[in-house]
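*Asks:* Mind looking over this structure? Questions follow.
Residue numbers (the numbering used here): 38 to 165.
Right, here's the structure in full:
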């Protein structure tokens, strides 16, 4: 049961945090983004037309915590955010992806438009 909870938490983390996406601002198009709020550095990559974080966000804001409240997990898994804190956790110029942006990412990974428009669990092994 604990393993299933951990998997669900990690999936939520990946969906919400890992996918912070860049708004249209100027930035150094290197392989890293430096979050000036706390000087943490994150790997980024252009996938399709968008830039995506390749690491879980680990920004400490109100409403966020670490898995099992263990601070060391922040460097491994990033932080867990409730909805309100997730909205404000992304660095300036970045945002959580819209469903349309997420669908473009899924299509880039190999899903069809019909699969990405599905409202249930979608995909099989795209991106492998």
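Ideal Cβ placement from N, Cα and C applies to all residues, glycine included.
All values derive from a computational prediction rather than experimental measurement.
(1) Please report the straight-line C-alpha distance between residue 128 and residue 74, rounded to a whole angstrom.
(2) Just the C-alpha distance for residue 101 and residue 116, rounded to the nearest angstrom, thanks.
(3) Could you tell me if the beta carbon of residue 136 falls within a distance shorter than 8 Å of some heavy atom in the ligand COA?
(4) Check whether the segment 97-112 and the segment 140-158 touch, using three or more Cβ-Cβ pairs below 8 Å as the test.
(5) Which residues does DSSP list as the beta-bridge partners of residue 70?
(6) Whole angstroms is fine: what's the gap from residue 155's alpha carbon to residue 112's?
(7) Quick one, which of 137, 126, 108 and 69 has its alpha-carbon nearest residue 90's?
(8) What span of residues does the beta strand (DSSP E) with residue 87 cover, start to end?
(9) Would you kindly work out how many angstroms separate the C-alpha atoms of residue 83 and residue 137, rounded to a whole number?
(10) Where residue 77 and residue 93 are concerned, what is the direct C-alpha to C-alpha distance, given to the nearest angstrom?
(11) Helix, strand or coil: how does DSSP classify residue 117 here?
(12) Quick check: what's the CA-CA separation for residue 118 versus residue 107?
*Replies:* Put simply:
(1) The sequence position of residue 128 within the chain shown is 91, counting from 1. The sequence position of residue 74 within the chain shown is 37, counting from 1. Those two C-alpha atoms are separated by around 8 Å.
(2) The sequence position of residue 101 within the chain shown is 64, counting from 1. The sequence position of residue 116 within the chain shown is 79, counting from 1. Roughly 6 Å between the two C-alpha positions.
(3) Ligands in the displayed structure: none, and consequently the ligand COA is not present.
(4) no
(5) As a first step, residue 70 must be located in the chain shown, where it is residue number 33. 79, per the DSSP bridge assignment.
(6) Position 118 of the chain shown, counting from 1, holds the residue named residue 155. Position 75 of the chain shown, counting from 1, holds the residue named residue 112. Rounded to the nearest angstrom, the two C-alpha atoms are 34 Å apart.
(7) Against the chain shown, residue 90 aligns to sequence position 53. For residue 90, the nearest C-alpha among the options comes from 69.
(8) For the purposes of this step, residue 87 is taken as the residue at position 50 of the chain shown. Run containing residue 87: 87-90, per the beta strand (DSSP E) assignment.
(9) One-based indexing of the chain shown puts residue 83 at position 46. One-based indexing of the chain shown puts residue 137 at position 100. Going from the Cα of residue 83 to the Cα of residue 137 covers about 17 Å.
(10) For this step, residue 77 is matched to residue 40 along the chain shown. For this step, residue 93 is matched to residue 56 along the chain shown. When rounded, the distance between both Cα atoms is 11 Å.
(11) As a first step, residue 117 must be located in the chain shown, where it is residue number 80. Three-state result, residue 117: strand.
(12) Translated into the one-based positions of the chain shown, residue 118 becomes position 81. Translated into the one-based positions of the chain shown, residue 107 becomes position 70. Straight-line Cα distance between these residues: approximately 14 Å.
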